[in-house]
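Inspection log for the structure reproduced underneath, given as C-alpha cells.
In the numbering used here, the protein residues as written are 198 to 536.
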C-alpha cells in the first residue's frame, strides 16, 4: 500500500512552480515547461532507483548521489548531449536553490547537490546556408496558391528576421508595421521584446498574406490549413519540404545538411556578418543576451577566415613586391647537376 504523498516535497515543488518561477523570477512559459520536464524526469528516475512510486518520494531521496546518477542516466541511457545534460543540471540547480531557501534543515544535503559541476561541452560550429542556397529555398513555393504564398512569406520572414521558431509562431498582425518604417515586434526568450526591420519584399508578402485571411478575428499571422496558428513542428516541416525539393532538383550539396528553422537563423547572422554589420548590432538584431553568443558566428564563417588570412598576408609584407613566379627547368638532369 502506497504512502500518502509527502507534504514537504509536494509543497516545495508547488511553491517553486506557482510562486517562485512566475512571480519572483518572472520566468516565461517555456522556462517553466523546461524546468517541469527536468524535474519530472528526475522524480521518475529516483522513484525507479528506490523501488517506489513517485508519489511516495521524500526530500531525503534527493541527495547528491541521486542527482549525479540522474545526470549520468540522461546522458548514457537517453543519449543526451553534454549541452543538454548541462541544461537539465541548470534547471535542477534552480530548484535546489529554492529548497535551500525554504528548507534549512536539509541545507547541507542541497548544498552538496549544488556543488555538482557542469560537464565540459564541445562547441560545434553553427550550421548555416549561403545566401544563394537560402534564396533558392525561398523561391521554391508555388506563389499561385494560398498555401504557397503563406510558405513563401514564412520563409522570407524567417530569413529576414533571423527569428527563433517560437517567435515566428507567436507573431500577430498587431506586431507588424508594413508601411515605412517597416518592422515587426518579436517576443523572445525571457519575455524580451525587440524591433526588427523588414525588407520591402517581406512587408509586401505579408501584406498580401493578410488580404487572404478569411476571419477578421484571426490574430496570428501564420496559420495551418485548419486556420490555427502554425506549430513549431509545422514550421520545421514546411522548411524541410522545400529544402528537400531544392536539394533534389537543384543543389545536391544541401542533401547532406539538416536544415531547420534555426539554421536559417544562423544563416541570417552570417549574412549580416559578411555584410560588415557590427557584432553588437547583430546581437540586438537576433536578441542574444550576450555579445559572446553572437561572436560564435565569427569563428563559424570559413570564408571570413580566408579573407582575413589573405588580408594579413598582403599587409605583412612577406611576399616580395616583384617576385618572379617559379618555373620548372626544362632539363631535369641539368637541374639536378646544378644542386
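Each residue gets a CB set at the ideal place from its N, CA and C atoms; glycine is no exception.
Computed from a predicted model, the values in this text were never measured in an experiment.
Go to residue i, then tell me how far its alpha helix (DSSP H) extends in each direction, as first and last residue.
i           : result
residue 285 : 279-299
residue 237 : 226-247
residue 253 : Neither: residue 253 is in no alpha helix (DSSP H) and is coded neither H nor E.
residue 459 : 458-471
residue 270 : 261-273
residue 335 : 328-335
residue 482 : 476-483
residue 491 : 488-491
residue 404 : 397-408
residue 349 : 343-358
My assumption, with CB atoms under 8 Å, is that residue i sits in contact with residue j. Please give the rounded CB distance.
i           : j           : result
residue 432 : residue 362 : 5 Å
residue 353 : residue 379 : Not quite, the Cβ-Cβ distance comes to about 13 Å (not below 8 Å), so this is no contact.
residue 375 : residue 400 : 5 Å
residue 325 : residue 435 : In fact, because the Cβ distance is near 19 Å, the residues do not count as touching under 8 Å.
residue 350 : residue 402 : 4 Å
residue 209 : residue 296 : 6 Å
residue 461 : residue 355 : 5 Å
residue 360 : residue 494 : Going by Cβ atoms, the distance from residue 360 to residue 494 rounds to 16 Å, so no, they are not a contact pair.
What residue range does the beta strand (DSSP E) around residue i cover?
i           : result
residue 436 : No beta strand (DSSP E) holds residue 436; the alpha helix (DSSP H) holding it covers 429-446.
residue 391 : 390-394
Tell me the rounded alpha-carbon separation between residue i and residue j.
i           : j           : result
residue 293 : residue 254 : 16 Å
residue 469 : residue 283 : 30 Å
residue 479 : residue 391 : 12 Å
residue 276 : residue 412 : 45 Å
residue 212 : residue 483 : 34 Å
residue 465 : residue 348 : 18 Å
residue 200 : residue 252 : Unreliable positioning characterises residue 200 in this predicted model, as indicated by a pLDDT of 44, which lies under 50. The coordinate reading is nonetheless provided below. About 8 Å.
residue 453 : residue 331 : 15 Å
residue 315 : residue 267 : 13 Å
residue 371 : residue 427 : 17 Å
residue 205 : residue 299 : 10 Å
residue 471 : residue 328 : 10 Å
residue 272 : residue 280 : 10 Å
residue 477 : residue 463 : 16 Å
residue 247 : residue 334 : 52 Å
residue 451 : residue 438 : 12 Å
residue 397 : residue 386 : 27 Å
residue 421 : residue 388 : 25 Å
residue 319 : residue 531 : 55 Å
residue 449 : residue 442 : 10 Å
residue 229 : residue 285 : 13 Å
residue 473 : residue 250 : 58 Å
Name the one or two DSSP bridge partners that residue i has.
i           : result
residue 384 : 390
residue 374 : 380
residue 417 : 369
residue 314 : Residue 314 is not bridged to any residue.
residue 426 : 420
Meets three-Cβ-pair contact criterion under 8 Å: the stretch 230-247 and the stretch 400-411:
Segments in contact, no.
Report yes or no: do three or more beta-carbon pairs, one from the stretch 301-317 and one from the stretch 245-260, lie closer than 8 Å?
Yes, they touch.
Across the stretch 414-428 and the stretch 357-373, are there enough close Cβ pairs to call them in contact, namely three or more that are closer than 8 Å?
The stretch 414-428 is in contact with the stretch 357-373.
Whether or not the stretch 230-239 and the stretch 289-296 are in contact is what I'm after, with contact meaning three or more pairs of Cβ atoms, one per stretch, closer than 8 Å; do they touch?
Yes: the two stretches touch, three or more of their Cβ pairs being nearer than 8 Å.
Does the stretch 295-306 touch the stretch 336-350, meaning 3 or more C-beta pairs lie closer than 8 Å?
Too few Cβ pairs lie closer than 8 Å, so no.
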